[in-house]
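Here the protein sequences come in this chain order: H and X.
Per this note's numbering: the first sequence = residues 743 to 1106.
Per this note's numbering: the second sequence = residues 6 to 226.
Ideal Cβ positions, reconstructed from N, Cα and C, are used throughout, including at glycine.
Fair warning: this is a prediction, and the values are worked out from it, not measured in the lab.
Written out below as structure tokens is the structure these notes cover.
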Amino acid sequence: MTDAILTANFRKQFPGGPEIVAEDLRIGGGITVLFGASGSGKTTVLRCLAGLEIPNAGEIKFGNEVWFQKIENILLPPQQRNIGFVPQDYALFPHLTVAGNVGYGLNELPAAERVARVAESLRWLGLDGLEHRLPRELSGGQQQRVALARAVVRRPKLLLLDEPLAALDTPTRLRLRGELRQLLRQLGIPTILVTHDRFEALALGDDVVVLHDGHNVQQGAVPEVFSRPVNLAVAEITAVETILSGHILETRDGLVTVAVGDARLTALAADLPAGACEVCVCIRAEDVILMRADTVQSSPRNRLAATVRSLAREGPLVRVSLDCGFPLTALLTQSACEELRLHEGASMVALVKAPQVHLIPFAR
Amino acid sequence: MSGAEWQLVGFSLRMALASLLLILPVGLALAWWLARKNWRGKALVETLISLPLVLPPVVTGLVLLQLFGRRGPVGSWLHSTFNCDVVFTWRAVVIALAAMSLPLFVRAARTAFEEVDVKFEQLARTLGAGEWRVFFTITLPLARRGVLAGTLLAFARALGEFGATIMVAGNIPGRTTTLPVAIYQAVENGEDAHAWTLAGVSAVIAFAAVFISEKLLRRHK
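Here it is as structure tokens:
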């Protein structure tokens, strides 16, 4: 994670609602994903950062600006935070044209400059020619880009996006996912993006903050968090396919041997606290390599005899359920499946590198 | 219709329009406060504003007479400060009409404001817009149909006002007599044809106002 530009520590509770706690939240200068299941408090955290909700306690600082501080009674209204905000449903002003929407926040500029800035951002987002349309005359993807244009045309210091792709149909969403990342990269504005979709988080984020039950439970670089969830809750939301309970047999030379049923797995001891005994074993489906049983292979990998239980197509990928003495899930491409001549009941060898077997000590 | 009748209709329309000018700023502010804010005593203010709807109009008139009379708290102040008398002048007509039609306008405008999703206002704030700008560029334009419908209803109500008007403004032909008062007078004097002519004019104006207002509200949904 790059140096934090925004730090926050606050608590927000709606009357009768659950408590949302952002504890030592640190947001870097890149794209940070607020990730969690629905109801985990992501949107509330984002709205508190935008100044649209007022936390019950705590503080929010952006650089050396104090945006909120309960004790000192400081509350910077959204008008003065210089942010760009894109809510989930975009909230395009229905009575204003595309140009009116995008130019809304530029009212203090001279008319000529305003027109130029609006035109520039519309061109950048491929929206030229739509200036005089009303929001209801646009497709979902166009609405999303108008909302983005309206948010960035003021050159904000921080961009806040709430589920920017959720309102779109699936094909559009997949297409815009890549496009959005590129746009955000070009902008170079620090961005906080809320999503419940782990693929979106993986595709768009540099850093990720995982929220669970109203608490931020883990934050760090995306690959780090997704491959090394700190606890079971994070593993479950980051949707690590295989989560098993295991028992530590021995620790030697920085490697740990874990018993999972009758099988033995090797993992790195690096981030396992001393004395841990019962652990949760997490293996991501992408990290499981399948080979035919007759292939000769000798490397310091976990080598497991596996029987194919079932195959399920997921777009270009195939989800393979295996039995290695414990259930294991692998994710392969269609062509790999064909090469391996996978079928139900086939005997294979599953390989998992030791660093990709992630151990989480059971909380006691 | 005779020239005097036209003059009467013109006077009534002018009085109703003047009362609208009076209630628009006050009514919009009240409606916004009721729709968007929570404050102590809100329920009390709500009830007070709506009271003229259910109170006998002559009672409202009586209260206004007390307030604006030469010895009333507002009336004496106006007299000593601006040397301006209210009761039994056209000003009293405007005030009576405004008091009687304000509740209708506030109710309609409040509903219209409540129907505007606050997300648009919030978004405008993130774009740097202050509260006045948010109101005039987002809230009011999005609520315009409801506000316009309320304005027309208030206008129609003002044209039909009788009880409060006669209490504070009396019946001075050419100076404070409005359509409904003239109709009453005509019937008293046994001038049935005159009364029916004026009644017809009232009905046409009221019909048009309510018809357009309903149309606006329906398209709003």
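#### Entry: Selection from X/R41, X/A214, X/W201 and X/L13 that minimises the alpha carbon distance to X/F118
X/R41
#### Entry: Option nearest H/G1116 by Cα separation, candidates H/T937, H/V828, H/A1009 and H/L818
Since the displayed chain H opens at 743 and closes at 1106, residue 1116 of chain H lies outside it and no answer follows.
### Message
Here's a check: name, in chain order, each residue in its chain whose Cβ is nearer than 6 Å to the Cβ of H/K1095, leaving out the five neighbours to either side.
### Response
R1043
### Task
Check the Cβ-Cβ distances between X/A114 and every residue of chain H, and say whether any is below 8 Å.
no
### Spatial neighbours of H/L834 in its chain, beta-carbon cut-off 7 Å, leaving aside the 5 residues before and after
N843, P877, Q885, V888 and A889
### Query
Name the chain H residues whose beta carbon is nearer than 7 Å to that of X/G135?
Q821
### Task
With a cut-off of 8 Å on the beta carbons, I'd call H/A975 and H/H954 a contact; round off their distance for me.
5 Å
### Neighbour flag for H/R859 against chain X, beta carbons, 8 Å
no
### Query
For X/A77, which residues of its own chain have a beta-carbon under 7 Å away from its beta-carbon, when the five flanking residues on both sides are left out?
Note on identity: in this sequence residue 77 of chain X is Gly, with Ala being the wrong assignment. Cβ within range, chain order: Q71.
### Query
How is the beta strand (DSSP E) around H/A1005 delimited, first residue to last?
A1005 to L1010
### Query
In chain order, what residues of the same chain have a beta carbon less than 8 Å from the beta carbon of H/E992, not counting five sequence neighbours either side?
V998 and T999
### Query
Along the chain, where does the alpha helix (DSSP H) that runs through X/V192 open and close?
L184 to E193
### Straight-line gap, X/R223 to H/P913 (C-alpha atoms, nearest Å)
37 Å
### Message
Three or more C-beta pairs under 8 Å: does that hold for the region 818–831 of chain H against the region 774–794 of chain H?
### Response
yes
### Where X/A129 meets chain H, residues with beta-carbon distance less than 8 Å
F835 and Y846
### Message
Using CA atoms only, rank isn't needed, just tell me which of X/S207, X/A34 and X/G74 is closest to X/I188.
### Response
X/S207
### Message
I want to verify the contact list: residues of chain H whose CB lies under 7 Å from the CB of X/F125, in sequence order.
### Response
A833 and F835
### Task
Take X/N88 as the anchor and find which of X/F73, X/F140, X/V99 and X/L102 has the nearest alpha-carbon.
X/F73
### Query
Residues bridged to H/R994 by DSSP?
H/L997
### Task
Could you name the residues that DSSP lists as bridge partners for H/K803?
H/T749 and H/V808
#### Entry: DSSP state of X/L128 mapped onto helix, strand, coil
helix
### Task
State the DSSP-derived secondary structure class of H/K1095, mapped to helix, strand or coil.
coil
### Message
Please report the distance separating the alpha-carbon of X/Q190 from that of X/R180.
### Response
15 Å
### Query
What's the C-alpha gap between H/V964 and H/R970?
10 Å
#### Entry: Exposed unless 16 or more other CB atoms sit within 10 angstroms - verdict on H/L748
buried
### Task
Check each candidate in H/A943, H/A1092, H/R917 and H/G758 and name the one with the smallest Cα separation from H/G1067.
H/A1092
### Query
What residue range is occupied by the uninterrupted alpha helix (DSSP H) comprising H/Q960?
Element bounds for H/Q960: not the alpha helix (DSSP H) but the beta strand (DSSP E), H957 to A963.
### Query
X/F167 and X/P62: beta carbons closer than 8 Å?
yes
### Query
Of all Cβ atoms in chain H, is any one closer than 8 Å to the Cβ of X/I143?
yes
#### Entry: Short CB-CB distance (under 8 Å) between X/L132 and chain H
yes
### Message
If I measure Cβ to Cβ from X/V209 and keep anything under 8 Å in the same chain, skipping five residues before and after, which residues do I get?
### Response
none
### Message
Per DSSP, what are the beta-bridge partners of H/E755 in this structure?
### Response
Residue identity differs from the one stated: residue 755 of chain H is Gln in this sequence, not Glu. H/E761, per the DSSP bridge assignment.
### Query
Quick one: what does DSSP say H/A1048 is sitting in, helix, strand or coil?
strand
### Task
Check each residue of the region 772–793 of chain H: if its Cβ is closer than 7 Å to any Cβ of chain X, include it; give the result in chain order.
A792
### Message
In the DSSP output, which residue or residues are listed as bridge partners for H/S1089?
### Response
H/T1049
### Partner residues on chain X for H/F804, Cβ-Cβ distance less than 7 Å
Going along chain X, no residue has its Cβ under 7 Å from H/F804, so there is no contact; the nearest lies around 14 Å.
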